[in-house]
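In the numbering used here, the protein residues as written are 322 to 555.
Ideal Cβ positions, reconstructed from N, Cα and C, are used throughout, including at glycine.
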């Protein structure tokens with residue numbers, strides 16, 4: 322209850338209204354309206370003072386903001402094995418994309434070998450947001466220097482009717498086209514993706530700007546534009 326009171330002390334009612342529109346599947350009655358920077362500050366404080374263990378056991382949480390805080394606390398974990406246990410305990414309780422997408426454990430960067438095995442497990446889950454989280458972590462940590470072409474197959478093998486799973490698969494392949502074009506484009510050329518995902522991938526790749534590490538907007542090369550046009554009209 323103490324942590325819940327802290328969250329209410331950080332409430333922004335205008336932001337609460339904004340969030341209710343952003344997450345239509347979350348009841349407005351369960352949204353306190355705490356901004357993400359404040360959530361992260363509170364998480365850091367709780368971790369520093371070791372005042373979070375009981376809170377993490379209080380599942381399911383009543384409020385959307387409590388779930389955000391839960392994810393933010395896990396993201397601060399400095400112990401990989403403990404982080405994984407906390408995630409496996411929490412992921413089944415996530416019921417919206419916003420909470421799922423804000424979880425990003427810093428410790429993952431140091432344990433790529435162990436992480437990839439968990440990602441494969443998560444991404445094949447029949448639970449919507451466990452699967453989504455797995456794909457997001459693969460996209461975040463394994464499309465650059467640690468990339469292997471077989472990772473694309475892991476995501477291509479996901480077949481789901483859940484909207485937020487299909488969207489993250491399309492997001493993954495749109496990002497892969499930006500970062501690993503030669504390998505990713507084969508999945509579109511050979512029609513290896515589900516039709517809806519295939520079309521959404523093209524849409525996202527065509528209309529979204531991808532920002533590089535230095536903040537420079539990437540441009541779609543001529544050969545990419547020609548291929549996209551060819552796929553669109555066939």
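**Message:** Would residue 363 and residue 390 qualify as a contact pair, given that the criterion is a beta-carbon distance under 8 Å?
**Reply:** Yes, Cβ-Cβ distance for residue 363 and residue 390 is below 8 Å.
**Request:** Might you give, ordered along the chain, the residues of its own chain that have their beta carbon closer than 7 Å to the beta carbon of residue 405, omitting 5 neighbours on each side?
**Result:** Setting aside the 5 residues that flank it on each side, residue 405 is surrounded in the same chain by 439, each with a C-beta closer than 7 Å to its C-beta; the list follows chain order.
**Item:** Burial state of residue 371 (16 or more Cβ within 10 Å)
**Value:** Around the beta carbon of residue 371, fewer than 16 other beta carbons sit within 10 angstroms, so the residue counts as exposed.
**Message:** The alpha helix (DSSP H) that contains residue 386, what's its start and end?
**Reply:** Taken as a continuous stretch (DSSP letters only), the alpha helix (DSSP H) holding residue 386 covers 385-396.
**Asked** Can you tell me where the alpha helix (DSSP H) with residue 453 in it begins and where it stops?
**Response** Following the DSSP letters along the chain, one finds residue 453 inside the alpha helix (DSSP H) bounded by residues 449-462.
**Request:** Identify whether residue 344 lies in helix, strand or coil by the three-state DSSP scheme.
**Result:** It is coil, neither helix nor strand.
**Prompt:** Looking only at C-alpha atoms, which of 339, 447, 423 sits nearest to residue 487?
**Reply:** The residue with the shortest Cα to Cα distance from residue 487 is 447.
**Prompt:** residue 330 lies in the alpha helix (DSSP H); which residues open and close that run?
**Reply:** Looking at the DSSP string, the run of the alpha helix (DSSP H) that includes residue 330 is 323-330.
**Asked** Exposed or buried, residue 399, counting other C-beta atoms within 10 Å across all chains shown (16 or more means buried)?
**Response** Burial state of residue 399 is exposed, judged by a 10 Å Cβ sphere holding fewer than 16 other Cβ atoms.
**Message:** Can you list, in chain order, the residues of its chain with a C-beta nearer than 7 Å to that of residue 334? Leave out the 5 residues immediately preceding and following it.
**Reply:** The beta carbon of residue 334 lies closer than 7 Å to those of 354 in the same chain, with the five residues before and after it left out.
**Asked** Any contact of the stretch 374-387 with the stretch 447-456, i.e. 3+ C-beta pairs under 8 Å?
**Response** With a cut-off of 8 Å, the stretch 447-456 and the stretch 374-387 do not count as touching, because too few Cβ pairs lie within range.
**Asked** Among the residues of its own chain, which have a CB less than 6 Å from the CB of residue 418, if the five just before and after it don't count?
**Response** 485.
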